[in-house]
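This report concerns only the one structure given below.
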Amino acid sequence: MNAARRAIAVWLLALAAGLVVIARADYTADMSAFLPKNPSPQQQLLVDQLKAGVLSRMLLIGIEGGDAPARAALSRALAERMRAGGDFSAVRNGEAGAHARDRELLFANRYLLSPAVTPERFAVAGLAQAIGDSIDLLASPAGLMLKRLLPQDPTGELMELVGALDGGSGSPPSLHGAWASRDGQRAILMAQVRASGADLDAQEAALARIRTDFAALAAQAGVADARVLLSGSPVFATSSRDTIRSEVTRLSILGTLGVVCLLLLVYRSFTALALGLLPVACGVVAGIAAVSLGFGTVHGITIGFGTTLIGEAIDYSIYYFVQSQRARDGGDSDAGSWMQRFWPTIRLGVTTSICGFAALLFSGFPGLAQLGLYSIAGLVAAAAFTRFVLPQLCPEDFRIRDITGIGERLAGGVARLAALRWIVPVLALAAAATVFAHRDTLWNPGLGGLSPIPADAQQLDQSLRAELGAPDLRYLVVANAGSREASLAAAERIGRELQPLVERGVIAGFDSPTRFLPSAATQRARQQALPAPDELARRLPAALRELPLRADKLQPFLDDVARARTQPLLTPEAFAGSTLALAVDALLLPGSAGWSALLPLRAPQGADGRLLPIDPAAVRQALAAAGQPEALFVDLLGESNRLYATYLDEAILLSLAGFAAIVLLLALALRSPARLARVLLPLVTAVLLVVAGLALAGEKMTLLHLVGLLLAVAVGSNYALFFDRSGSAGDRAGTPQTLASLALANCTTMIGFGVLAFSQVPVLRAIGVTVGPGAVLALLLAAILAGQRERRA
Amino acid sequence: MNALRLCRSTLLSAVLLGLAAPALAARDLATLMHDLAQHKGGRVRFVEKKYIALLDKPLVSSGEMTYTAPDRLEKRTLQPKPEVLVLDRDTLTLERGKQKFVLRLADQPEAQVFVDSIRGTLAGNRALLERSYALHLSGTRERWSLSLLPSDQRIAALVSRITVGGTRHQVDSIEYLQADGDRAVMTITPIEAQ
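In order, the protein sequences belong to chains P and C. Going by full-length UniProt numbering, the residue at position 335 of the first sequence is 335; the numbering climbs one at a time, nothing skipped. Going by full-length UniProt numbering, the residue at position 137 of the second sequence is 137; the numbering climbs one at a time, nothing skipped.
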């Protein structure tokens with residue numbers, strides 16, 4: 001009894017410690033847990049972009065309902081509130097007023113911004129050339145607006161700024177003074193959330209404010225059917241967090257309820273139920289505590305696997321109750337006989353499961369590694385509890401309802417199933433053939449398969465993105481430096497080397513934060529290139545000698561140049577609230593180690609109008625020529641696909657290693673190739689059938705399907721081992737009870753994992769659709785093969 | 001980046017002031033429009049003089065224009081700087097040196113109205129013209145003159161009158177009188193008759 005008390009004391013202490021750890025743990029629902037842990041610099045950039053970059057803050061907004069003027073009015077009113085509210089660093093909806101401010105900013109700072117400003121341009125010959133060009137331009141149809149600006153800007157610096165841009169016209173059409181979709185049925189806006197993508201709470205609050213503001217504005221305007229559509233990373237990130245939270249809660253409750261009902265139905269005893277659930281509870285506590293200690297934060301999805309743990313850990317108590325009862329009924333008064341007869345089998349089952357999950361531990365995805373650690377810790381704790389504590393907690397007269405009857409009926413069924421034993425190899429071959437036929441389409445080729453964003457939300461995003469001409473930022477050059485100034489200077493040097501690539505057609509064009517925010521050195525150099533007022537006044541008459549323009553008309557020019565020479569240098573703050581801020585914010589990012597300047601490159605178009613890939617060697621050469629060999633050239637799409645491919649390969653390798661470990665372990669324990677084959681055949685066939693089923697259903701597998709299959713093998717090996725044990729030990733009396741406990745365990749597994757198949761979160765769904773059917777198939781197939789041996793015996 | 005695109009759009013809406021095209025003679029407005037509607041296209045030489053108060057002498061440019069009914073117009077300026085302007089359906093393209101600007105008319109209601117004035121004249125679409133302009137036909141069949149007075153305030157702020165003149169079957173001049181008093185006069189000589 002001393003030993004019993006010690007076991008309970010140790011258990012209570014461990015439980016208390018686990019609960020303390022859990023209470024102090026950090027929880028996250030950040031999907032980037034499924035991004036790599038030790039990325040290359042390029043991958044790090046991708047991860048940063050996904051987590052906190054421009055993409056993570058860009059919001060696409062559509063307004064539907066009412067008529068076109070009403071939608072435009074709502075767009076303007078909403079944009080005004082958003083601009084005033086402070087949640088957004090920029091809001092664009094095509095309003096004329098908003099662009100007037102941009103234009104004024106550009107014009108007021110043209111001598112700091114124009115790359116054409118050099119000492120030569122402001123010498124007599126340069127002035128004559130530049131002013132002559134401007135006058136020529138007046139003859140062009142483009143001259144109307146220039147005519148008004150000529151006295152102030154005779155050298156055409158504004159045109160230089162305009163000319164520095166590419167010709168692609170990406171702005172959406174305006175309708176009644178606000179952007180509208182091409183079919184005119186939707187007003188559209190684009191905004192940048194101020195909060196970083198890492199600050200989901202702030203993003204969520206900003207989104208909620210848009211919705212309430214819009215509802216108020218729509219009610220005020222009396223547009224009853226008006227609705228606002230939001231899309232973009234902030235929406236996806238917050239809604240997938242919500243989905244994961246609610247799904248995890250809902251499915252855990254559903255799964256637990258299902259298991260509880262089933263157990264109550266079978267045990268007809270609340271004591272038994274409570275005792276039966278205790279190993280699971282211990283497993284969950286141990287799992288979360290281990291993850292918290294091992295990783296620092298616990299992912300929501302990891303906790304969601306509480307449901308899946310129920311699937312396996314509850315089996316232990318089921319085996320204990322059902323089988324120890326039989327042992328006692330068979331005359332053994334204490335539980336020791338159960339220990340001898342069944343515990344080794346359970347122990348082997350637990351060990352195989354641990355081998356399976358250990359594979360996950362080595363995954364480069366922190367999310368998967370968490371799942372691995374969670375499951376291992378949970379299973380060990382649940383098994384240890386069942387072995388050492390549960391027998392001590394059971395009351396002396398503890399009994400569950402006798403389920404021998406069920407077991408006997410099942411045994412009859414199994415015996416009949418044996419007639420179908422030929423079906424197992426046939427099924428295995430057919431499934432293998434199906435898998436082979438679909439080998440090219442088995443896998444989901446991108447990270448998209450892991451994305452928890454529903455298809456209709458993705459569709460809305462695509463349509464808004466196309467209508468807004470929102471950039472996809474596929475190709476980036478990134479210059480990192482310790483300070484903002486240094487990164488801008490690096491971007492300028494890189495820009496100078498990229499220009500020849502544009503002329504050679506290697507790239508169609510590029511953007512740079514320095515277009516609107518040149519480095520201080522460059523701005524100062526431009527200021528110094530401007531002559532003093534007296535000097536400029538002396539040069540002008542000479543420059544204008546051949547031109548039909550008299551110097552006295554250009555007093556505004558002299559004034560503006562004099563002002564530009566001493567005006568304060570441009571800072572990002574100068575742009576606050578303008579569209580230019582959006583451009584600078586998007587391309588100049590503070591990072592953990594200094595600043596990053598992003599230079600998005602535009603791919604050249606082929607003859608058929610399709611975009612061609614950019615030659616990375618040419619770009620890297622330009623970076624080296626710019627003295628920035630450490631600057632990165634990133635193809636984000638290629639990088640994310642490469643990243644995924646790496647991890648898929650890794651997952652396949654780890655799964656195979658896990659499977660190999662399970663096989664090795666079984667081989668050592670069973671010490672018989674024939675028995676090993678009997679245990680493995682149903683498992684392998686079950687896996688093949690599940691994969692074939694997925695292929696036939698058109699579902700493309702992701703990493704998580706692979707994890708699910710490994711879980712199915714781990715769980716299924718328990719069944720196969722019991723059948724093997726009861727078969728080979730000639731333990732025929734045990735068969736009905738063993739069968740009953742296996743069937744019950746299988747049902748709980750099916751419920752625990754099965755509910756996941758109905759999840760909208762692909763990660764959970766993938767586990768559900770593989771483990772649920774996989775476990776059932778493993779049991780059925782193992783039973784069929786066991787029945788065969790039984791008849792022979 | 002997009003801000004500048006807008007500046008460019010504004011520049012381009014101004015572009016349309018320079019557009020003009022050949023037309024056929026007519027006896028009265030209805031007949032003139034009917035005759036214009038029969039016109040399927042052609043190629044002309046143009047000389048455009050811009051009288052700008054700021055400058056001491058008028059700016060002269062010249063080149064060729066081609067009209068293909070109903071909605072394609074190409075204005076190819078050769079002097080003083082080569083430049084090509086193409087109006088094709090709803091897209092306006094301006095190429096000048098290495099620069100190429102594209103404007104979608106739907107983006108710019110003002111530009112749309114200008115384009116309507118040209119399209120309406122070229123295609124003889126009276127209804128389209130009268131949507132934005134008051135029309136006045138004067139003179140004789142030998143020497144007629146059609147004035148377009150903008151009824152849209154936004155247009156009137158830029159152009160106070162467009163005058164198309166012609167003799168019998170032929171448009172030979174188009175004058176834009178701008179709201180600030182500057183004007184542009186384009187004289188047209190056909191290269192090929194229809």
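Positions of the beta carbon are idealized from the N, C-alpha and C atoms, including for glycine.
Take the Cβ of residue i as the centre, count every other Cβ of all protein chains shown within 10 Å, and call the residue buried at 16 or more, exposed below.
i      : result
P/A775 : buried
C/E83  : buried
C/I191 : exposed
C/P150 : buried
P/L150 : buried
C/R5   : A caution first: C/R5 carries a pLDDT of 45, below 50, which makes its placement in the model unreliable, though a value can still be read off. Label assigned to C/R5: buried.
P/A437 : exposed
P/C261 : exposed
P/P568 : exposed
P/F270 : exposed
P/N2   : exposed
The beta strand (DSSP E) with residue i in it runs from where to where?
i      : result
P/N2   : Element bounds for P/N2: not the beta strand (DSSP E) but the alpha helix (DSSP H), 2-23.
C/M65  : 59-68
C/D172 : 170-178
C/D88  : 83-88
P/P531 : Where P/P531 is concerned, there is no enclosing beta strand (DSSP E), given that its DSSP letter is neither H nor E.
C/A134 : 133-139
Please say whether residue j and residue i have beta carbons closer to each other than 8 angstroms?
i      : j      : result
C/M65  : C/V47  : no
P/L580 : P/F516 : yes
P/S363 : P/L379 : no
P/G367 : P/T28  : no
P/T702 : P/A607 : no
P/I662 : P/L706 : no
C/R183 : P/S140 : no
C/L137 : C/D28  : yes
P/F722 : P/T404 : no
P/I494 : P/R602 : no
P/G407 : P/P682 : no
P/L229 : P/E64  : yes
For residue i and chain C, any beta-carbon pair shorter than 8 angstroms?
i                      : result
residue 810 of chain P : An answer regarding residue 810 of chain P cannot be provided, because it is not within the stretch 1 to 793 covered by chain P.
P/S75                  : no
P/R545                 : no
P/L150                 : yes
P/R71                  : no
P/S140                 : yes
Terminal residues of the continuous alpha helix (DSSP H) containing residue i?
i                      : result
P/F236                 : 233-267
C/H34                  : 29-38
P/R209                 : 200-221
P/I400                 : Here P/I400 belongs to no alpha helix (DSSP H), and DSSP marks it neither H nor E.
P/M82                  : 68-85
P/E467                 : 455-468
P/L293                 : 270-295
residue 799 of chain P : Nothing about residue 799 of chain P can be reported from this structure: the residues present for chain P run from 1 to 793 only.
P/L598                 : P/L598 -> not in any alpha helix (DSSP H); beta strand (DSSP E) instead, spanning 594-602.
C/I155                 : 153-156
P/D560                 : 555-566
Are any of the Cβ atoms in chain P nearer than 8 angstroms to that of residue i?
i      : result
C/D71  : no
C/R96  : yes
C/E83  : yes
C/L148 : no
C/L177 : no
C/A21  : Interpretation of C/A21 is limited by its pLDDT of 34, a score under 50 that renders its predicted location unreliable; no figure is taken from the coordinates.
C/L55  : yes
C/L59  : yes
C/P80  : yes
Point to revise | alpha helix (DSSP H) runs wholly inside the region 474-521 of chain P, at least 4 long, in chain order | key: The alpha helix (DSSP H) runs lying completely inside the region 474-521 of chain P and spanning 4 residues or more are 484-504, given in chain order.
**Study point:** Entirely enclosed alpha helix (DSSP H) segments - the region 337-379 of chain P, minimum 4 residues
**Key:** The region 337-379 of chain P contains these whole alpha helix (DSSP H) runs: 343-361.
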